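According to the numbering used here, the sequence shown is numbered sequentially starting from 9. A virtual CB, placed ideally from N, CA and C, is assigned to each residue, including glycine. In this text the structure is predicted, and so the values were computed from the model without any measurement. Report on the following structure.
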Amino acid sequence: MLSIQTADSKKFTPNLLPARINHNGPINNTQRYWAPTTDEKGTQHVHFRGRHLHGTILPLPATHTGAILSITDKLAPQAPTQLRETAEPLDDEDDEMEHESPEEVKIAEQIGEFDEVVVWGHGGTVDEGSDMFVRGVREWVGFAESMHCDEEGEEGQSSAVEAS
9 MLSIQTADSK KFTPNLLPAR INHNGPINNT QRYWAPTTDE KGTQHVHFRG RHLHGTILPL
69 PATHTGAILS ITDKLAPQAP TQLRETAEPL DDEDDEMEHE SPEEVKIAEQ IGEFDEVVVW
129 GHGGTVDEGS DMFVRGVREW VGFAESMHCD EEGEEGQSSA VEAS
């Protein structure tokens with residue numbers, strides 16, 4: 009389980025690329041490798057490693073905030089161990105209690121937030137009806153909305169979408 013600690017975070021736009029990049033460190037001159045432009049129709053374009061990519065912007069609903077998290081090895085403070093009644097009585101005594109060990113909760117630090125995701129396609133924009141990433145983001149948002157609705161079906165005030 010994770011406990012999210014929010015801080016002053018920067019605004020980012022996650023980009024889902026149709027490629028695998030075997031690099032996981034910093035890049036000093038990102039403008040040299042990644043400089044998207046937007047045409048008059050609002051479609052984003054970029055040339056990456058010799059390929060022309062077209063970007064489709066997927067905005068999150070106004071009630072949602074995307075969070076970019078860094079999961080740490082730090083543990084969140086725990087409440088004192090609570091007693092719980094066991095489903096089956098111990099030693100045939102109905103009133104015995106068992107100590108429940110607390111679940112380990114790690115701290116995830118919020119390093120950024122976003123309100124849209126860009127999905128990139130080769131040679132043209134992605135087909136929003138069949139692209140697995142577009143459908144996945146939309147299903148994820150729909151699932152989050154259903155999880156944060158009260159019983160009458162009204163949406164909660166806000167939900168968090170996580171990415172890392």
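- Spatial neighbours of Pro22 in its own chain (CB-CB distance under 8 Å, excluding positions within 5 residues in sequence) are listed in chain order as Gly74, Ile76, Phe122, Val125, Val126 and Ala171.
- If you ignore the 5 residues before and after Asn36, its C-beta comes within less than 6 Å of no other C-beta in its own chain.
- Looking at the backbone, the Cα of Gly129 and that of Thr64 are separated by about 8 Å.
- The three-state reading of DSSP puts Gln86 in coil, since its state is none of H, G, I, E or B.
- Exclusion of the five residues before and after Leu24 leaves Val125, Val126, Val127, Trp128 and Phe141 as the residues of its chain whose Cβ lies within less than 8 Å of its Cβ.
- Our two residues, Phe56 and Trp42, have alpha carbons roughly 7 Å apart in a direct line.
- Here the C-alpha atom of Leu10 lies approximately 12 Å from the C-alpha atom of Gln86.
- Cβ neighbours of Gly120 within its own chain (closer than 8 Å, five residues either side excluded): Ser17, Lys18, Lys19, Phe20, Ala75 and Ile76.
- By the CB criterion at 9 Å, Gly131 and His62 fall inside the cutoff.
- Taking Asp81 as reference, the option from Val54, Glu112 and His53 with the minimal CA-CA separation is Glu112.
- Rounded to the nearest angstrom, the gap between the Cα atoms of Gln13 and Gly144 is 26 Å.
- His60 has its alpha-carbon roughly 24 Å from the corresponding atom of Gly33.
- Straight across, the Cα-Cα distance linking Arg40 with Thr51 is about 21 Å.
- Note on Ala116: 16 or more other CB atoms within 10 angstroms of its CB, so buried under the neighbour-count rule.
- Within the same chain, His53 come within 7 Å of Asp47 by CB-CB distance, once the 5 residues on both sides are set aside.
- With contacts defined by Cβ atoms closer than 9 Å, Glu153 and Pro26 do not form a contacting pair.
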